[in-house]
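Chemist:
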Amino acid sequence: MAGVSVLVVIPARFQSTRFPGKPLADLDGSPLIEHVWKRCCRAVDTADVVIATDDERIAVVARDFGAMVEMTSSDCLTGTDRVAEVASRHRADWYVNVQGDEPFVDPVAIQKVIQTAETAEEHVAAVNTMSVITEESEFRSATVPKPVTDSSGRLLYMSRAAIPTDKLLGFQRAFRQVGLYAYRRSALVEYQPGAKKSRLEEIEDIEILRLLESGAHVRMVEVPASGIAVDTPADLERAQAYIREQR
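Numbering-wise, the working numbering puts 1533 at position 167 of the sequence shown, and it's gapless, one number per residue.
1. Whole alpha helix (DSSP H) runs in the segment 1387–1411 with 4 or more residues, listed along the chain?
2. Taking the alpha-carbon of Lys1478 as reference, which of Arg1457, Glu1611, Val1493 and Val1596 has the nearest alpha-carbon?
3. I'd like to confirm the pairing. Which residues does DSSP put opposite Ser1525 in its beta bridges?
4. State the DSSP-derived secondary structure class of Pro1377, mapped to helix, strand or coil.
5. Check whether the segment 1438–1457 and the segment 1547–1560 are in contact - that is, three or more C-beta pairs closer than 8 Å.
6. Is the distance from the Cβ of Arg1539 to the Cβ of Val1510 below 7 Å?
7. For the segment 1443–1519, list the beta strand (DSSP E) runs that are entirely contained and at least 3 residues long, ordered along the chain.
8. Please confirm if the segment 1414–1433 is in contact with the segment 1510–1519, defined as three or more CB-CB distances below 8 Å between the two stretches.
9. Work out the CA separation of Val1490 and Met1367 for me, nearest whole Å.
10. Count the other C-beta atoms from every protein chain shown that fall within 10 angstroms of the C-beta of Ser1592, then say buried if there are 16 or more, exposed otherwise.
11. Is the beta carbon of Phe1505 less than 7 Å from the beta carbon of Ala1486?
12. Can you tell me the Cα-Cα spacing of Glu1603 and Glu1468, whole angstroms?
13. Have a look at the DSSP bridge pairing and note the partners of Thr1419.
14. Can you tell me which of the three DSSP states Glu1588 falls into?
15. Can you give me the C-alpha to C-alpha distance between Thr1598 and Ser1507, rounded to a whole angstrom?
16. Determine the extent of the beta strand (DSSP E) in which Gln1606 is found, giving its start and end residues.
17. Taking DSSP's pairing of strands, which residues face Arg1550 in a bridge?
18. With a 10 Å radius around its C-beta and 16 neighbouring C-beta atoms as the bar for buried, classify Arg1576 as buried or exposed.
19. For Ala1409, which residues of its own chain have a beta-carbon under 7 Å away from its beta-carbon, when the five flanking residues on both sides are left out?
20. Rounded to whole angstroms, what is the Cα-Cα separation between Ala1378 and Ala1433?
21. May I have the straight-line CA-CA distance separating Gly1395 from Lys1533, to the nearest angstrom?
22. Taking Cβ positions, are His1401 and Leu1390 nearer each other than 7 Å?
23. Report the three-state DSSP secondary structure of Arg1542 (helix, strand or coil).
24. Just how far apart, CA to CA, sit Ile1376 and Val1462?
Right, dumping it as structure tokens:
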């Protein structure tokens, strides 16, 4: 579809419950958020990538390594609420939300999400990504959201619980959510200032559920595993070890 405009937004907050100061945590000599930004800039033009934060410490560091920064409200409930605030100032057809704790996000996956969004039918409100779970420990982990889709790829539900499972609660085949989304501009009304978390979103702490609960069509796209998402200090250590192994 010609003329479709896209803005990539990386939400970043300092006061993470499980890992305060996470965006500025050192990973192989650079702030975690810089790793994410650099990978986004390999997928799209640097001018189309924005870091959205409510913390001046993050803003200063991000500007120092060359990123565009948008200051957003500390009242934002989720990263997508932060994206919605940026969308209120910068007009685009689609907004790609790349979570700031995905230092190994694949630029090709970002491009695939954008291509899917640009060619999506009008009823598709958002595109989210997933990768195959290969380890049962990941399937059982409450820090890993697991999506379940219909045969066309439409999201039916997503949970931190181990789903789908059999009668014996066994692990057969499942996917994990990757922190990479594309939202149609109209879909972000669910995340505008003053919005509240939906019932299931509040329980699961998974922001895409707010859109799903509104009745919107969310398309899931399979992408290769993006490496390690940094949710805790232990994850950061694993990410550092992963980088050493790749050398």
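Heads up, the beta-carbon is just placed ideally off N, CA and C, and yes, glycines get one too.
Quick caveat: nothing in here was measured; it's all calculated off a predicted structure.
Modeler: Taking the geometry as given:
1. Secondary structure remark: continuous alpha helix (DSSP H) runs of at least 4 residues inside the segment 1387–1411, in chain order: 1398–1409.
2. Val1493
3. DSSP lists Lys1512 as partners of Ser1525.
4. strand
5. yes
6. no
7. 1460–1464, 1490–1498 and 1512–1515
8. no
9. Because the pLDDT of Met1367 is 45, which lies under 50, any placement of that residue in the model is unreliable, and the number read from its coordinates should be weighed accordingly. If you take the alpha carbons of Met1367 and Val1490, they lie about 15 Å apart.
10. buried
11. no
12. Distance between the alpha carbons of Glu1603 and Glu1468: 14 Å.
13. Answer is Ala1378 and Met1437, bridged to Thr1419.
14. Glu1588 falls in the strand class under three-state DSSP.
15. 13 Å
16. Careful: Gln1606 lies outside any beta strand (DSSP E), inside the alpha helix (DSSP H) at Pro1599 to Gln1612.
17. Beta bridge pairing from DSSP links Arg1550 with Trp1460.
18. buried
19. Pro1473, Ile1476 and Gln1477
20. Ala1378 and Ala1433: Cα-Cα distance of roughly 13 Å.
21. 47 Å
22. no
23. In the structure shown, Arg1542 sits in a strand (DSSP, three-state: E or B).
24. 8 Å
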